[in-house]
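In our numbering, the protein residues as written are 63 to 677. C-beta atoms are modelled at their ideal positions from N, C-alpha and C, and glycine is treated no differently. Everything below concerns the one structure shown next.
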């Protein structure tokens, strides 16, 4: 490799690095973007707010009853006078308890349903993004965005609006009650209210920065742990436990620093608010004592006034705390909106709902800056089975974020029943052919045709139901053997599953297991050998039964005997299908009907070499 080649590849790596994170947005912008997902439960939110307001009104009434009992019952010492106020007090307490339960439960119900909907919506959107999005972002960080970040957004969209309304109304309730007792003392104590707001405003800016750093650090730590656990065999085999431990330690220290900074700011705000509240209450008590000695205020009045202030200041403090919680929630919203605002590089010309969370669609537009409600078209009715004629017409392709084209002016046609061997050096673009055929990417120039139709005009579901990919890395889910095979065709009968397993030379092994096809394979198929996982993947492709088949390096690292054992079921899979065999294995060239050699982005041989029409 010469220096110029190295510089090109290093430049490509730099360009493929993750994009700079989303520009910061205000809490209002974040709310407007995400509110449509919660709008359907607006009546329940109104009900929750009303219930919580009823609870606060009961508190005001209870304090008034307490004041009456102090001045008109306790001072006279007549036990007969206490029963009526006691009954009213008990009734108000019962109503307050029921209203608090109903309001809190309804608010929590809406919050959890909003989280479910947002998480489903975000995950559905993630599944539409192209492979380069996932290649440039750690899996652990994406997991954090789908879990803890989504959880934090609930406060921004659901809890905070109700909290603001109820706290504002409660502040008005208790302020009016305090004014009714002694308006001059009330106005004196109200002067401290701006101090809560000012403190919250100062702290919220710093907490938002700390919250974003904490969430980024948490994502980086999760990604480091996930990577180490996924490659634990290699870590142990190479004796690199100390290296991975040091990496996790560095991320843990960085995250801990952000968390401690966040705690320091949050814990400083609470005592500061309490200090201001205590000074105000003590001032009221001193002034009230002076008023009592002067005969201008009763003991019950002073106690009621102090109680009203005791309720009032927490409400004012809660309004200030809203700014702090919004700062943390907005930082989480920025990270989730980065996902939702990433546009898929491949768009379905005929979209249809695939999950309940995808209906209705919500798209973010630059003009309005918010998530828009948009009805989905009806599901596309499946068309007739494709023949499987695949054509590349002057196709060129450059991966996003790079300058060097991976394919340039590639043209060929493959017919049903043909085995087309695609060869070439690493990085020449062999696997890119499969990605373009599946529309994981769209070509930069030219078009890809299936049975003479531009695949960009076909529904993605129909196109991908026409093509079966057997990737180089055997991918297995943590489920039973039967479920993994049926993944190729949901709803496949047991007979179809077993027939596919038999054609893949897997049935004899499965039948020897105590639980047969119900045997779990473990995470990533760890309970199966490499060959068994490979045959399971072939059985999954067989049960899928599509007219186009793409085999990506199915014999890599296998000797002649193992290659023959793998190719035997693959030949049954390739029968009457248009098959692309991507391989470095020169031993397979003799079995091919056509040979495509891709080097430096183009075909070395003429495009029609060895490709013949079969009806």
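Whole-angstrom distance between residue j and residue i, CA atom to CA atom
i           : j           : result
residue 600 : residue 401 : 34 Å
residue 519 : residue 411 : 6 Å
residue 30  : residue 201 : A query on residue 30 cannot be resolved here, the shown segment of the chain reaching from 63 to 677 and no further.
residue 604 : residue 510 : 25 Å
residue 568 : residue 598 : 7 Å
residue 175 : residue 613 : 42 Å
residue 659 : residue 646 : 10 Å
residue 642 : residue 460 : 21 Å
residue 563 : residue 547 : 8 Å
residue 366 : residue 150 : 17 Å
residue 210 : residue 454 : 44 Å
residue 303 : residue 590 : 26 Å
residue 315 : residue 394 : 21 Å
residue 499 : residue 229 : 57 Å
residue 529 : residue 544 : 21 Å
residue 124 : residue 272 : 41 Å
residue 650 : residue 392 : 56 Å
residue 555 : residue 566 : 17 Å
residue 516 : residue 326 : 59 Å
residue 103 : residue 172 : 7 Å
residue 195 : residue 160 : 49 Å
residue 634 : residue 452 : 20 Å
Simplified DSSP assignment, three categories, for residue i
i           : result
residue 507 : strand
residue 539 : coil
residue 483 : strand
residue 589 : coil
residue 410 : coil
residue 640 : strand
residue 614 : strand
residue 661 : strand
residue 569 : helix
residue 532 : strand
residue 275 : helix
residue 109 : helix
residue 376 : helix
residue 653 : helix
residue 500 : coil
residue 456 : strand
residue 200 : coil
residue 630 : helix
residue 475 : strand
Chain-order list of residues whose beta-carbon lies under 6 Å from that of residue i (same chain, five-residue window excluded)
i           : result
residue 456 : 471, 473, 508
residue 275 : 320
residue 280 : 206, 317
residue 406 : 190, 191
residue 162 : 117
residue 157 : 120
residue 497 : 503
residue 164 : 113
residue 241 : 248
Among the options, nearest to residue i - alpha-carbon criterion
i           : options            : result
residue 654 : 404, 149, 479, 536 : 479
residue 224 : 108, 241, 126, 304 : 108
residue 220 : 586, 388, 610, 484 : 388
residue 99  : 207, 123, 211, 215 : 215
residue 368 : 96, 126, 582       : 126
residue 449 : 513, 462, 476      : 513
residue 311 : 384, 541, 322, 286 : 286
residue 193 : 494, 145, 476, 248 : 494
residue 584 : 408, 199, 539      : 539
residue 467 : 492, 556, 573      : 492
residue 282 : 204, 235, 239      : 204
residue 552 : 122, 634, 607, 226 : 607
residue 534 : 526, 524, 588, 593 : 593
Own chain partners of residue i with C-beta closer than 7 Å, once the 5 adjacent residues on each side are dropped
i           : result
residue 661 : 486, 487, 490
residue 708 : The structure shown has nothing for residue 708, since the chain only spans 63 to 677.
residue 212 : 177, 180, 181, 184, 398
residue 638 : 478, 479
residue 609 : 447, 448, 449, 450, 478, 528, 639, 640
residue 85  : At residue 85, the pLDDT of 49 sits below 50, so the modelled position is not reliable; the number obtained from the coordinates is stated separately. Closer than 7 Å at the Cβ level, and outside the excluded window around residue 85, lies no residue.
residue 559 : 544, 547, 548, 579, 605
residue 89  : 218, 388, 392
residue 101 : none
Spatial neighbours of residue i in its chain, beta-carbon cut-off 8 Å, leaving aside the 5 residues before and after
i           : result
residue 233 : 374, 377, 378, 381
Any non-hydrogen atom of the ligand NAP within 7 Å of residue i CB
i           : result
residue 168 : By its list of ligands, the structure shown contains no ligand whatsoever, and the ligand NAP lies outside what it can speak to.
- [ ] Would you be able to state if there are at least three C-beta pairs under 8 Å between the stretch 495-508 and the stretch 561-577?
- [x] Counting Cβ pairs under 8 Å, fewer than three are found: no touch.
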